[in-house]
Amino acid sequence: MNNKSQNSKKIPAVIIAGPTASGKTALSVHLAKRLCGEIVSADSMQLYRGMSIASAKPDESEKSGIPHHMLDFLDPGESYSVAQYTKDAKEIIKGIHERGKTVIICGGTGLYIDSLLNNIDFGEEPDSSDLRLLLQQRLQKEGAEALHRELEKLDSEAAASLHVNNTGRVIRALELYMLSGKTMGERLERSRRFESPYAPVYMGIDFINREALYERINRRVDIMLEKGLCEEARFYMNLHGKTSRQAIGHKELFPYFKGEITFDEAVEKLKTETRRYAKRQLTWLRKNTSIKWFFRDEYQTEEEFFKTVENFTSKELESLVQE
RNA sequence: GCCUCUGUAGCUCAGUCGGUAGAGCAGUGGACUGAAAAUCCACGUGUCGUUGGUUCAAUUCCGACCGGAGGCA
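The structure is reproduced here in structure tokens:
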């Protein structure tokens, strides 16, 4: 948004981000109708076929005729990653733009959104699953400190920035160096070498009162349960892959199915985990100073809220095109 | 009615042989480049149920009262 002559060549992209249950879906559909747009989901769980209740995937009536992309195309057994996402979404966006439609990116997975917008190049990497397994075994046998010490020798910069207990990342950094000989810093630099093809209008939904968000979350979990979340979770219990098994809304119910905790305990846990997730989403988004925030609880009605966001968006898009 | 146990952070509970107290969870803030709905880090003052007494000093000892659990009749 700071260099207009460059922006003129770029693809305008409207982004709706925000914590879970903040009302992103309804807002994005509203904007898509007004701006003649198509929606690209940026949600690591809505990618999967099924799992619709837990991931709060919009149904046909919620979509109300607006084309939605990056939704419902993966088998729950398949794993996925940011790298894959940026590649896939980039193609989709190109298509939307060529069709003369407005690109609207909507979702709660901050890493996906930002990697896409910044045109991060994750490069080609050999399959690391064997090595990762090996490192995970070493973690079991030798402990977290041993791995961290090894990383210190190979990539001291990464080691310094990673806590010993953050074993997932330590393993990833080791893996990266062992497979490619590159340090995390080198990779970071390399990944940003291509300029972004997008001119973003980046908006976030938040609440003045955190409590208001939490009440929405609690209510939404109850609604999900009424819609049959238990049945869905039970169905997918043994079908999940390593990505989809992380879905909040399924894994919290498993201990209940196994008789380890009561139903009420599981529901409480589910609500708590969802609230904590929302908090993490906000932490991610807050550091991005280019986001224009709209506070949902500042508006009496949904219409008023939609209208305000819509006006802002149109104005921003206009100023992008005018150059 | 009597007896025993119990009342400490939002919740579950430690603890102080008398010098005003600390864990887990929750909550808040933060980090984040191939599992991100994941992973990890930091942050702990609260009338120690109420009220009297003993004491230089009581959340801690003693009494009464109030609440909770159990037992005996």
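Oh and the first sequence: position 40 is 39 in numbering that gives the first Met the number 0, straight run, nothing missing.
Note that beta-carbon positions come from the ideal geometry of N, C-alpha and C, so glycine has one too.
Because the structure is a prediction, the values reported are computed rather than measured.
DSSP lists H68, I104 as the beta-bridge partner residues of V39. When DSSP reads this structure, D205 sits in a beta bridge with F294.
For D296, the CB contacts under 7 Å within the same chain, skipping 5 residues up- and downstream, are F206, I207, N208, A211 in chain order. Between D120 and R171, the CB-CB gap reaches or exceeds 8 Å. Following the DSSP letters along the chain, one finds V13 inside the beta strand (DSSP E) bounded by residues 10-16. The beta carbons of V13 and I92 sit about 11 Å from each other, so the pair does not count as a contact at 8 Å.
Annotation: the continuous alpha helix (DSSP H) that includes R33 extends over 23-34. Shortest Cα-Cα distance from L187 to any of L30, L138, N118 involves N118.
Beta bridge pairing from DSSP links Y176 with no other residue.
The C-alpha of E303 lies about 30 Å from the C-alpha of L115. Note that the segment 70-82 does not touch the segment 24-36; fewer than 3 beta-carbon pairs, one per stretch, sit closer than 8 Å. In this structure, the straight-line span from the alpha carbon of P254 to that of G240 is close to 18 Å.
Annotation for L130: the continuous alpha helix (DSSP H) segment containing it runs 128-141.
Where F234 is concerned, the enclosing alpha helix (DSSP H) starts and stops at 228-235.
Here I290 is not near Y197, since their CB atoms are 8 Å or more apart. Within the model, the alpha-carbon separation for I65 versus D126 is close to 37 Å. Within the segment 144-197, the runs of alpha helix (DSSP H) that reach at least 4 residues and sit entirely inside it are, in chain order, 155-160, 166-179, 183-190. Annotation for Q83: the continuous alpha helix (DSSP H) segment containing it runs 81-97. Straight across, the Cα-Cα distance linking R148 with A158 is about 8 Å. Beta-carbon to beta-carbon, A246 and A53 are separated by about 5 Å, close enough to satisfy the 8 Å threshold.
A contact is defined here as three or more CB-CB pairs under 8 Å, and the segment 261-281 fails this definition with respect to the segment 82-101. In the structure shown, the three-state DSSP call for L73 is strand. For the 8 Å CB-CB criterion, V308 and F293 form a contact. Beta-carbon to beta-carbon, E174 and R218 are separated by about 42 Å, too far to satisfy the 8 Å threshold. Linking Y84 to G17 through their CA atoms gives a straight-line distance of about 19 Å. The C-beta distance from S21 to I260 rounds to 29 Å, too long to fall under 8 Å, and the pair is not in contact.
With a cut-off of 8 Å on Cβ pairs, the segment 47-63 is not in contact with the segment 142-156, counting fewer than three such pairs. With 16 or more neighbouring CB atoms inside 10 Å of its own CB, I15 falls in the buried class.
Here the C-alpha atom of E77 lies approximately 13 Å from the C-alpha atom of Q45.
Taking R48 as the centre and dropping the five residues before and after it, the same chain places the C-beta of D71, F72, L73, D74, P75 closer than 8 Å to its C-beta, in chain order. Around C229, the same chain offers L252 as residues with beta carbons nearer than 7 Å, after the five sequence neighbours per side are excluded.
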